[in-house]
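In the working numbering, the protein residues as written are 3 to 331.
Yeah, the Cβ is synthetic: ideal placement off N, Cα and C, and Gly gets one too.
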Amino acid sequence: MAIGEAEKTRGRRGGGARGVVRGDAHRLRPRRGGGVARGVDGVPQGPGGAPANVAVAIAKLGGSAAFIGKFGDDEFGHMLVEILRQNGVRDEGVLFDKHARTALAFVTLRSDGEREFMFYRNPSADMLLAESELNLPLIRQARIFHYGSISLISEPCRSAHLAAMRAAKAAGILCSYDPNVRLPLWPSPDAARSGIMSIWNQADFIKVSDDEVEFLTQGDPQSEENVLSLWYEGLKLLIVTDGEKAADTSPRVPGFSVKTVDTTGAGDAFVGALLVSIAKDGSLFQNEEKLREALKFANACGAICTTQKGAIPALPTTATAMELVSKGK
Numbered sequence: 003m004a005i006g007e008a009e010k011t012r013g014r015r016g017g018g019a020r021g022v023v024r025g026d027a028h029r030l031r032p033r034r035g036g037g038v039a040r041g042v043d044g045v046p047q048g049p050g051g052a053p054a055n056v057a058v059a060i061a062k063l064g065g066s067a068a069f070i071g072k073f074g075d076d077e078f079g080h081m082l083v084e085i086l087r088q089n090g091v092r093d094e095g096v097l098f099d100k101h102a103r104t105a106l107a108f109v110t111l112r113s114d115g116e117r118e119f120m121f122y123r124n125p126s127a128d129m130l131l132a133e134s135e136l137n138l139p140l141i142r143q144a145r146i147f148h149y150g151s152i153s154l155i156s157e158p159c160r161s162a163h164l165a166a167m168r169a170a171k172a173a174g175i176l177c178s179y180d181p182n183v184r185l186p187l188w189p190s191p192d193a194a195r196s197g198i199m200s201i202w203n204q205a206d207f208i209k210v211s212d213d214e215v216e217f218l219t220q221g222d223p224q225s226e227e228n229v230l231s232l233w234y235e236g237l238k239l240l241i242v243t244d245g246e247k248a249a250d251t252s253p254r255v256p257g258f259s260v261k262t263v264d265t266t267g268a269g270d271a272f273v274g275a276l277l278v279s280i281a282k283d284g285s286l287f288q289n290e291e292k293l294r295e296a297l298k299f300a301n302a303c304g305a306i307c308t309t310q311k312g313a314i315p316a317l318p319t320t321a322t323a324m325e326l327v328s329k330g331k
């Protein structure tokens, strides 16, 4: 097991939690060490998908979360939705498609706990959600609307994604964006960069990793100039998660040293925890001390998530996260 620091963060600020999460969910089938998995029965399985992970993270931390998306009307799809329900995520925005299957993702775990992904989609049910199928009243009753970029890749889900964002913005709901770059799903790196940036200035809160800063800016992620090139007027908070690297921009919040087993879902745990804090107290955008405390709590949630295999099963409760925070003081 590698000893690592989970989710050091750097941020830039501008001037009871409830969130709606729009996106994909899929079944994860891990592979070890880059080898080929032989014998399906021997391949461990787990639920995943960044937006689904964030929804569960919010619910496990005592917030109210609902998921909007489409699943295949198959064993995997019904299993995933049941897992969301069991973890307290509302399902009014969930649909099943009889003509498409639930997406699968194969995750190769390296010895240091980092991952490589291989996806089976084209098309999967989540790609087929249409604008007419959106549960707009569910979106309008939320405090926060969170989304990624995968649903921007193709139609009809791209139009559904944009319509959901418009509904959220019109209702005055805070929009949260984690691009969660997965290049194998896009036609090309240029298409990914263009698609991700096409909705950039619609978000109130954006979280990116240092690798994503490098990809989006095509420059050094440790350069403050490059990071600030992603800032725009109207953005309330931009967070860059730096892994084990130091952060130079303010406020700087260090991570926690943990025994890393699997980093899958750590960023989603971080985002979910931060969204819970934001929904409870929106003044933290203007209060650096409150923001630091919220980031420290989010760091703890991300760190804990790396100490177990899988994403959703590893997401912590508030009590577990606060125990790590108290040990870190």
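Counting only unbroken stretches of 3 or more residues, the beta strand (DSSP E) elements lying wholly within the segment 255-312 are 258-262, in sequence order.
Only residues of its own chain outside the window of five on either side were considered, and among them ASN228, SER231 have a CB closer than 6 Å to the CB of THR219, listed in chain order. A straight-line Cα-Cα distance of about 6 Å links GLU118 and VAL109. Between SER259 and GLY312, the alpha-carbon positions lie close to 19 Å from each other.
When PHE272, ALA305, ILE155 are compared, the shortest CA-CA separation from LEU131 is found for ILE155. By the neighbour-count criterion, in which 16 or more other beta carbons inside 10 Å mark a residue as buried, TRP188 falls on the buried side. Rounded to the nearest angstrom, the gap between the Cα atoms of ALA275 and ILE314 is 14 Å.
Runs of alpha helix (DSSP H) with 4 or more residues, each lying fully within the segment 48-125, are found at 52-62, 77-88, listed in chain order.
When the beta-carbon positions are compared, GLU135 and SER161 stay at least 8 Å from each other. Of the candidates ALA165, LEU286, ARG254, GLN143, the residue whose Cα lies closest to the Cα of SER153 is ALA165. Put simply, the backbone Cα of LEU297 is about 42 Å away from that of HIS101. If the five residues before and after ALA61 are omitted, its C-beta is found closer than 6 Å to the C-beta atoms of ALA67, ASN89, GLY90, VAL91, all from its own chain and listed in chain order. When C-alpha distances from GLY330 are compared across VAL96, ALA321, ALA302, the shortest belongs to ALA302.
VAL56 has its alpha-carbon roughly 20 Å from the corresponding atom of LYS171.
Rounded to whole angstroms, the separation of the alpha carbons of GLY74 and ASN124 is 13 Å. Remark: C-beta atoms of LEU277 and ILE141 do not approach each other more closely than 8 Å. In the DSSP secondary-structure assignment, PHE147 is bridged to VAL22, CYS177. The three-state secondary structure of GLY330, taken from DSSP, is coil. Between SER151 and PRO181, the C-beta gap is smaller than 8 Å, which places the two residues in contact. Counting along the chain, VAL229 sits inside the alpha helix (DSSP H) bounded by residues 226-230. For LEU317, the three-state secondary structure derived from DSSP is coil. The residues ALA144, PHE147, in chain order, have a CB closer than 6 Å to that of ILE175 in the same chain once the five nearest residues on each side in sequence are set aside. The C-beta of GLY64 has fewer than 16 other C-beta atoms within 10 Å across all chains shown, which makes the residue exposed. When ILE85, HIS163, GLY51 are compared, the shortest CA-CA separation from MET120 is found for GLY51. In the structure shown, TRP188 adopts coil according to DSSP, grouped into three states.
Boundaries of the alpha helix (DSSP H) around SER161: 159-172. Rounded to whole angstroms, the gap between the alpha carbons of PHE272 and THR243 is 9 Å. Only residues of its own chain outside the window of five on either side were considered, and among them PHE147, TYR149, CYS177, ILE201, GLN204 have a CB closer than 8 Å to the CB of MET167, listed in chain order. Between GLU325 and GLN310, the alpha-carbon positions lie close to 17 Å from each other. Inter-residue distance for VAL215 and LYS238 is about 18 Å (C-alpha atoms, whole angstroms). Only exposed fits SER328, as fewer than 16 other CB atoms lie within 10 angstroms of its CB. Collapsing the DSSP output to three states places TRP202 in a helix. If you compare the alpha carbons of THR322, GLY257, GLU157, LEU138 with that of ALA169, the shortest gap goes to LEU138.
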